[in-house]
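S.K.:
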Amino acid sequence: MKILIIGSGGREHAIGIKIFEQNKNVKIYFAPGNGGILQIGENVILDVENHQSVIEFCFQNEIDLVIIGPEQPLVNGIADDLRNAGINVFGPSKNAARIEGDKSFAKNLMNKYGVPTASHKTFKNLEIENAIDYLSNGKFPIVIKASGLAAGKGVIIANDFNEAKSAIIDIMQNSIFGSAGEKVVIEEFLEGEELSVFVITDGKDFVILPPAQDHKRIADGDTGKNTGGMGAYSPISFVNDKLLEEIKSKVIIPTLKGLENSDSLFNGCLYCGLINTKDGIKVIEFNCRFGDPETQAVLQIVDGDFLELLNSTAKGKINKEIVKYNGGSAICVVVASGGYPDNYEKGFEIFGLNEKFDENVKVIHAGTKFENKRILTSGGRVLNIVAFDKQNDLKYCKSKAYKVLDKVKFEKMYFRRDIGFKAIKL
Ligand code: AMP
Ligand code: GLY
Numbered sequence: 015m016k017i018l019i020i021g022s023g024g025r026e027h028a029i030g031i032k033i034f035e036q037n038k039n040v041k042i043y044f045a046p047g048n049g050g051i052l053q054i055g056e057n058v059i060l061d062v063e064n065h066q067s068v069i070e071f072c073f074q075n076e077i078d079l080v081i082i083g084p085e086q087p088l089v090n091g092i093a094d095d096l097r098n099a100g101i102n103v104f105g106p107s108k109n110a111a112r113i114e115g116d117k118s119f120a121k122n123l124m125n126k127y128g129v130p131t132a133s134h135k136t137f138k139n140l141e142i143e144n145a146i147d148y149l150s151n152g153k154f155p156i157v158i159k160a161s162g163l164a165a166g167k168g169v170i171i172a173n174d175f176n177e178a179k180s181a182i183i184d185i186m187q188n189s190i191f192g193s194a195g196e197k198v199v200i201e202e203f204l205e206g207e208e209l210s211v212f213v214i215t216d217g218k219d220f221v222i223l224p225p226a227q228d229h230k231r232i233a234d235g236d237t238g239k240n241t242g243g244m245g246a247y248s249p250i251s252f253v254n255d256k257l258l259e260e261i262k263s264k265v266i267i268p269t270l271k272g273l274e275n276s277d278s279l280f281n282g283c284l285y286c287g288l289i290n291t292k293d294g295i296k297v298i299e300f301n302c303r304f305g306d307p308e309t310q311a312v313l314q315i316v317d318g319d320f321l322e323l324l325n326s327t328a329k330g331k332i333n334k335e336i337v338k339y340n341g342g343s344a345i346c347v348v349v350a351s352g353g354y355p356d357n358y359e360k361g362f363e364i365f366g367l368n369e370k371f372d373e374n375v376k377v378i379h380a381g382t383k384f385e386n387k388r389i390l391t392s393g394g395r396v397l398n399i400v401a402f403d404k405q406n407d408l409k410y411c412k413s414k415a416y417k418v419l420d421k422v423k424f425e426k427m428y429f430r431r432d433i434g435f436k437a438i439k440l
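Okay, here's the thing in structure tokens:
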């Protein structure tokens, strides 16, 4: 079998490793991939925005399955164009990807189908005055979101009216998030524990992978700026069967139905960003793809044929019995370039990658490149150190993961030291 994985991050590398471990005969291409791919596949240079060139690549190389990692190509409709050309794709259509690409679409869908979420109001960019008026009667803190894609940065939590007003002016007048801010969603601030739930679905049937918790802030104790995610662990102890049932009945089932009814049948991974409030589970956001870095942790604790899960889903009839939670736990520590999520330097050599690590540890690449026989940093989030344990001992996983960072080094590297802190009582 031949597979093309689109993307270059830890998520895509983790998916590739999982497939490779289980199917040594599969040929995996990555576009564009990263510096860690050599052991499991081949990086190819493709203009992913040019869907025709991706289609041609798939025909020339007899690709049996395309897996699309990031949201932007999905929102741009790459899955539709590939499917129309007869290519087998894991990833939602442009219409279905609006669940992430247009927050106001997602909010309206949730409201229409009774999916619990923060109360909200949407404003278009000509309605600045109305938005500010609305804020003057708001309850603070309040949440202001660019409706379009803003690389995970389009959310501002404003503590008082003045902060909220500046955010509105920054987004709607000064266009700090570009066209993503042409529509703005203002919503109620929710309190509770957050969790990420991946729903693999052919649009009707689905499988839920073990829930994970991300660490979005840059610094220990969940402080500082929002990032793409600085670490994750899975599973989450507070998610019992009852809560999982609530997530299914109140969130997943009505959302999939709503998408189907809006000509947006969802085929792929529906990422449910949830919050467990005192009034029950609520949706913070949906994404139209696997989460990063949660995937790097979650995939370590599912047994079974993951490729068959994705392939059967892509073909429209998910094989629901093929993967199972293995009872273990996993943690992922993201290693970033110093300065991330703002400015940072690239091009530093990474040392220690050839050391012998524990068999329950993996070093998954993200912003790296292979050049002149060396691995160099090439992005903000550089590596993911993942440790897992079949006995579900998260504390053990944490100590194994951090031990790797005694050996793996690059100039100005930065990582949080407290990944899993809410679950691990020391
Ligand atoms: P998002 O990009 O929508 O995931 O938002 C990024 C982060 O902002 C979330 O993970 C939450 O921590 C926070 N956030 C977003 N919406 C809300 C909300 N309504 N109430 C509280 N926090 C929120
Ligand atoms: N870890 C957050 C995301 O993938 O959006």
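Letter by letter, the sequence shown follows residues 15 to 440 in the working numbering. Quick reminder that beta carbons are idealized off the backbone N, C-alpha and C, glycines included.
#1: I want to check one thing, is the minimum distance from the CB of Glu-299 to the heavy atoms of the ligand AMP below 7 Å?
#2: My output table needs one value for Cys-302: the three-state DSSP class, helix, strand or coil.
#3: Within this structure, are the beta carbons of Leu-88 and Ile-81 separated by less than 8 Å?
#4: Look at the alpha carbon of Asp-94 and the alpha carbon of Leu-209, and state the distance between them as a whole number of angstroms.
#5: Using 10 angstroms around the beta-carbon of Arg-395, count the other beta-carbons present and answer buried if the total reaches 16, otherwise exposed.
#6: Measuring straight from C-alpha to C-alpha, what distance separates Ile-389 and Ile-364?
#7: So what's Gly-21 in DSSP terms, helix, strand or just coil?
#8: At the level of alpha carbons, what is the spacing between Gly-206 and Lys-292?
#9: Cutting at 6 Å between CB atoms, please list the residues of its own chain near Gly-23, excluding the five before and the five after it.
#10: Who does Gln-227 pair with in a DSSP beta bridge?
#11: Would you kindly report the start and end of the unbroken beta strand (DSSP E) that includes Glu-208?
#12: Please state whether DSSP places Thr-241 in a helix, a strand or coil.
#13: Decide yes or no for the touch test of the segment 340-353 against the segment 280-287: beta carbon pairs closer than 8 Å, at least 3 of them.
#14: Confirm, please, whether the CB-CB distance from Lys-421 to Gly-366 is below 8 Å.
#15: Any heavy atom of the ligand AMP within a distance shorter than 7 Å of the CB on Ala-132?
#16: Compare the Cα-Cα distances from Asp-219 to each of Lys-262, Phe-191, Gly-50 and Lys-230 and report the closest residue.
#17: Restricting to runs no shorter than 3 residues, where is the beta strand (DSSP E) found entirely within the segment 328-395?
#18: Can you tell me the Cα-Cα spacing of Gly-459 and Gly-245, whole angstroms?
#19: Mapping the DSSP letters down to three states, classify Met-124 as helix, strand or coil.
#20: Return the Cβ separation of His-65 and Gly-50 in integer angstroms, given the expectation that the two are a contact with Cβ distance under 8 Å.
#21: Asp-147: buried (16+ other C-beta within 10 angstroms of its C-beta) or exposed?
#22: Taking the alpha-carbon of Leu-270 as reference, which of Leu-123, Ile-232, Gly-434 and Ala-233 has the nearest alpha-carbon?
#23: Do the CB positions of Leu-18 and Ile-77 come within less than 8 Å of each other?
#24: Does the contact criterion of 3 or more C-beta pairs under 8 Å hold for the segment 246-266 versus the segment 327-337?
#25: At what residue ranges does the segment 38-69 contain a whole run of the alpha helix (DSSP H), taking only runs of 4 or more?
#26: Compare the Cα-Cα distances from Phe-191 to each of Ala-233, Ile-200, Val-169 and Ser-67 and report the closest residue.
#27: What number of angstroms, rounded off, separates the C-alpha of Lys-409 from the C-alpha of Glu-299?
#28: Counting Cβ pairs, one atom from each stretch, are 3 or more of them under 8 Å apart for the segment 149-165 and the segment 101-108?
#29: Taking 7 Å as the cut-off, is the CB of Gly-243 close to at least one heavy atom of the ligand GLY?
#30: DSSP beta-bridge partners for Cys-283?
#31: Using only the alpha-carbon positions, how far apart do Asp-319 and Ala-160 sit?
#32: Going by DSSP, what residues sit across from Phe-104 in a beta bridge?
#33: Please indicate yes or no: does the CB of Gly-166 lie closer than 7 Å to some heavy atom of the ligand GLY?
#34: In chain order, what residues of the same chain lie with their CB nearer than 7 Å to the CB of Ile-232, ignoring the 5 residues before and after it?
#35: Just curious, the alpha helix (DSSP H) that Val-312 is in, first and last residue?
M.R.: Answer, in terms of the structure:
#1: Shortest gap from the CB of Glu-299 to any heavy atom of the ligand AMP: under 7 Å.
#2: In the structure shown, Cys-302 sits in coil (DSSP, three-state: anything other than H, G, I, E or B).
#3: No. Outside cutoff.
#4: Approximately 30 Å, taken between the alpha carbons.
#5: Buried: at least 16 other Cβ atoms inside 10 Å.
#6: Each residue's Cα considered, the two are about 6 Å apart.
#7: If DSSP states are grouped into helix, strand and coil, Gly-21 belongs with the strands.
#8: Per the coordinates, the alpha-carbon of Gly-206 lies some 7 Å from the alpha-carbon of Lys-292.
#9: Excluding positions up to five away in sequence, the list reads Asp-306 and Ala-380.
#10: Secondary-structure assignment with DSSP links Gln-227 through a beta bridge to Tyr-247.
#11: Run containing Glu-208: 207-215, per the beta strand (DSSP E) assignment.
#12: If DSSP states are grouped into helix, strand and coil, Thr-241 belongs with coil.
#13: Contact between the segment 340-353 and the segment 280-287 is absent, because fewer than three Cβ pairs lie under 8 Å.
#14: Result yes, Cβ atoms of Gly-366 and Lys-421 sit closer than 8 Å.
#15: At least one heavy atom of the ligand AMP is nearer than 7 Å to the Cβ of Ala-132, so yes.
#16: Checked all of Lys-262, Phe-191, Gly-50 and Lys-230; the closest Cα to Asp-219 is Lys-262.
#17: Positions of the beta strand (DSSP E) runs, each at least 3 residues long and wholly inside the segment 328-395, are given as 337-339, 343-351, 375-379, 382-385 and 388-391 in order along the chain.
#18: Here the chain covers residues 15 to 440 and nothing more, so residue 459 does not appear.
#19: Reduced to three states, the DSSP call for Met-124 is helix.
#20: At roughly 27 Å, the Cβ-Cβ gap does not stay under 8 Å, so His-65 and Gly-50 are not in contact.
#21: By the neighbour-count criterion, in which a residue is buried when 16 or more other Cβ atoms sit within 10 angstroms of its Cβ, Asp-147 is exposed.
#22: Between Leu-270 and the set Leu-123, Ile-232, Gly-434 and Ala-233, the nearest pair of CA atoms involves Leu-123.
#23: In contact: Leu-18 and Ile-77 (Cβ atoms closer than 8 Å).
#24: With the cut-off at 8 Å, the segment 246-266 and the segment 327-337 do not touch.
#25: Counting whole runs of 4 or more residues, the segment 38-69 contains no alpha helix (DSSP H) stretch at all.
#26: Ranked by Cα distance from Phe-191, the options Ala-233, Ile-200, Val-169 and Ser-67 are led by Val-169.
#27: If I take the Cα positions, the gap works out to 29 Å.
#28: Using a Cβ-Cβ distance cut-off of 8 Å, the segment 149-165 and the segment 101-108 are not in contact, since fewer than three pairs of beta carbons, one from each stretch, lie closer than that value.
#29: Taking 7 Å as the cut-off, the C-beta of Gly-243 counts as close to a heavy atom of the ligand GLY.
#30: Within the DSSP bridge table, the entry for Cys-283 names Ile-214 as partners.
#31: Asp-319 and Ala-160: Cα-Cα distance of roughly 38 Å.
#32: Residue pairing from DSSP places Phe-104 in a beta bridge opposite Ile-81.
#33: Flag set: Cβ of Gly-166 near the ligand GLY.
#34: Result list for Ile-232: Gly-238, Lys-239, Thr-241, Met-244 and Pro-355, in chain order.
#35: From DSSP, the alpha helix (DSSP H) with Val-312 extends over 308-312.
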